[in-house]
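Colleague: Dropping a structure here in structure tokens format, bear with me for questions.
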Amino acid sequence: MNSVPLTKYGAELLKEELHQLKTKERRIVIDAIAEARSHGDLSENAEYDAAKERQAFVEGRIAELEGKLSSAQIIDPATLDADGRVVFGATVDLEDLESGQKVSYQIVGVDEADIKLNKVSVTSPIARALIGKSAEDVVEVQAPSGPREYEILEVRYV
């Protein structure tokens, strides 16, 4: 199994979700199954079927999270020393050369990507274009609307 890169913050989020599923969701599902069983005939019991489906989802997600965390390579961006290059976990300040608009993105793992929080997956087109580059470099990103050029203003490890 390949290692899964995660920031320290992303790993904490996955651990919290895993804890929630194991301590609360599992108990809720078990109680729902017991309640549905108490209604008698299971062959035509929609509540029972729904509770069993939910149980399968919860157990599947628990297994998925445990697998990701066991193979995680946790990276703390604050401890990185990449000589100003863009690497996993770095926060990059960019300027769109066409519009002049400035934006910052942190390059994170697939599971922690959230564009609303300016966190982009390491597998995204913009992250792939940025990796290995330094401040003042110009990169071309293949966006859905066509190619875009950005200048890297600053690379931070926070």
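Residue 1 is where the sequence shown starts when you use full-length UniProt numbering, and the numbers rise one by one after that.
Beta carbons are placed, not taken as given, at the ideal position from N, Cα and C, and that holds for glycine.
Would you list the one or two residues that DSSP bridges to Q73?
Modeller: Paired residue(s): P5.
Colleague: In or out: L94 buried (at least 16 other Cβ within 10 Å) or exposed?
Modeller: By the neighbour-count rule (16 or more Cβ atoms within 10 Å), L94 is buried.
Colleague: Just reading off the beta strand (DSSP E) that D96 is part of, what are its end residues?
Modeller: Unbroken beta strand (DSSP E) run through D96: T91 to D96.
Colleague: Could you check what DSSP says for G132 in three-state terms: helix, strand or coil?
Modeller: Here G132 sits in coil by DSSP.
Colleague: Can you tell which of A51, G10, E44 and H39 has the C-alpha that lies nearest to the C-alpha of R27?
Modeller: The shortest C-alpha separation from R27 is found at A51.
Colleague: My guess is that Q101 and K119 are in contact by the Cβ rule of under 8 angstroms, so how many angstroms apart are they, rounded?
Modeller: Q101 to K119, Cβ: 18 angstroms. No contact.
Colleague: Let me know the secondary structure DSSP gives Y105 once reduced to three states.
Modeller: Y105 falls in the strand class under three-state DSSP.
Colleague: Out of curiosity, what's the CA-to-CA distance linking D20 and S121?
Modeller: The question names Asp, yet the displayed sequence has Gln at residue 20. Between Q20 and S121, the C-alpha separation is close to 24 angstroms.
Colleague: Return yes when the Cβ of G132 is within less than 9 angstroms of the Cβ of T7, no when it is not.
Modeller: Cβ distance not < 9 angstroms, so T7 and G132 don't count as in contact.
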